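Novice: Heads up, the final residue of the sequence shown is numbered 205 in our numbering, and it's a clean run with no missing numbers.
We treat Cβ as the ideally placed atom computed from N, Cα and C, and that holds for glycine.
Since the structure is predicted, the reported quantities are computational estimates derived from the model, not experimental observations.
My structure is below; once you've seen it, I'll send some questions.
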Amino acid sequence: GNDATPLGSQTNCDNSDLDPIVRFDKDGNVTKMFGSRMFSWPHGLHVDRDGNLWIAEAGTPKPKPGARPIGHQVLKYSPDGTLLMALGEAGVTGKDNSHFDRPTDVVTAANGDIFVADGHAIDGNSRIVKFTKDGTFIKAFGTNGYGPGQLRQPHALNIDPATGHVYVADRINSR
31 GNDATPLGSQ
41 TNCDNSDLDP
51 IVRFDKDGNV
61 TKMFGSRMFS
71 WPHGLHVDRD
81 GNLWIAEAGT
91 PKPKPGARPI
101 GHQVLKYSPD
111 GTLLMALGEA
121 GVTGKDNSHF
131 DRPTDVVTAA
141 NGDIFVADGH
151 AIDGNSRIVK
161 FTKDGTFIKA
171 FGTNGYGPGQ
181 LRQPHALNID
191 PATGHVYVAD
201 RINSR
């Protein structure tokens, strides 16, 4: 917010006592708040068919010395805020089947499969990672670039409920 910090630094909330996750009812009343000091950069949110909250925790590229590991994960919470699943390793970047590099979004399919947009860094992973509903790696697709099948900072995901097609907002490629 308006706290005179440099533009962009407001997104890192790992040292804040404020809860960055806030749930409202249909009338605008706060029904649940949580997350103080649990996240650094909760970038993408998705609520699945069971009301569970999925958070793509991008993390920070330069954690503070001595800080607990945080970020580079996708986290699943029950509607009451209980952690149910964690994909990725807190504070550790990577490009293999069990690591992310600043994931930006997450969405679940009708059968429970999990899709993660991975790679907020321009020269980062630039891929979509697919898991089963229990978190087992299925595959990753997309490479860094400008051509067909290539992405530059995949930023948001959605699934067409009629077809099951996964749509990717490819930020740097403006598509």
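For Lys169, collect the residues of the same chain with a Cβ closer than 6 Å to its Cβ; drop the 5 residues on either side in sequence, then sort them by chain order.
Specialist: Position 139 of the sequence shown, counting from 1, holds the residue named residue 169. The answer, listed in chain order, is Lys160.
Novice: How many angstroms separate the CA atom of Met63 from the CA atom of Cys43?
Specialist: To locate residue 63, count along the sequence shown from 1; it is residue 33. To locate residue 43, count along the sequence shown from 1; it is residue 13. Taking the straight line joining both Cα atoms gives about 14 Å.
Novice: Can you list, in chain order, the residues of its chain with a C-beta nearer than 7 Å to that of Asn82? Leave out the 5 residues immediately preceding and following it.
Specialist: To locate residue 82, count along the sequence shown from 1; it is residue 52. Taken in chain order, the residues that qualify are Lys106, Tyr107, Ser108, Pro109 and Leu114.
Novice: Cα-Cα, which of Val136, Ala140 and Asn141 is closest to Asp148?
Specialist: Locating residue 148 in the sequence shown gives position 118, counting from the first residue. Comparing Cα positions, the closest option is Val136.
Novice: According to DSSP, simplified to helix, strand and coil, what is Asn188?
Specialist: The residue labelled residue 188 in the question sits at position 158 within the sequence shown. Reduced to three states, the DSSP call for Asn188 is strand.
Novice: Could you tell me which residues DSSP pairs with Thr138 in its beta bridges?
Specialist: Within the sequence shown, residue 138 is the residue found at index 108, counting from 1. For Thr138, which the question treats as bridged, DSSP gives the partners Ile144.
Novice: Kindly list the residues whose CB is nearer than 6 Å to the CB of Val196, restricted to its own chain and excluding five residues on each side of it in sequence; keep chain order.
Specialist: Position 166 of the sequence shown, counted from the start, is the residue given in the question as residue 196. Excluding residues within five positions, the ones whose Cβ falls inside 6 Å are Phe145 and Ile189.
Novice: On the three-state DSSP scale, how would you describe Met115?
Specialist: What you label residue 115 is simply residue 85 of the sequence shown in a count that begins at 1. Looking at Met115 - three-state DSSP - the assignment turns out to be strand.
Novice: Using the three-state DSSP reduction, which class does Lys83 fall into: helix, strand or coil?
Specialist: Taking the sequence shown and counting its residues from 1, the one referred to as residue 83 is at position 53. The question names Lys, but residue 83 in the sequence shown is Leu. In this structure, Leu83 counts as strand in the three-state DSSP scheme.
Novice: Rounding to the nearest angstrom, what Cα-Cα distance links Ser156 and Asp131 in this structure?
Specialist: Your numbering for residue 156 matches position 126 in the sequence shown. Your numbering for residue 131 matches position 101 in the sequence shown. In a straight line, the C-alpha of Ser156 is about 9 Å away from that of Asp131.
Novice: Can you tell me whether DSSP reads Leu48 as helix, strand or coil?
Specialist: Translated into positions along the sequence shown, residue 48 becomes position 18. Coil.
Novice: Check each candidate in Val60, His102 and Asp200 and name the one with the smallest Cα separation from Ala116.
Specialist: Here residue 116 refers to the residue found at position 86 of the sequence shown. Here the closest residue by C-alpha is His102.
Novice: Are the beta-carbon atoms belonging to Gly74 and Thr134 less than 7 Å from one another?
Specialist: Position 44 of the sequence shown, counted from the start, is the residue given in the question as residue 74. Position 104 of the sequence shown, counted from the start, is the residue given in the question as residue 134. In this structure, Thr134 lies closer than 7 Å to Gly74 by Cβ.
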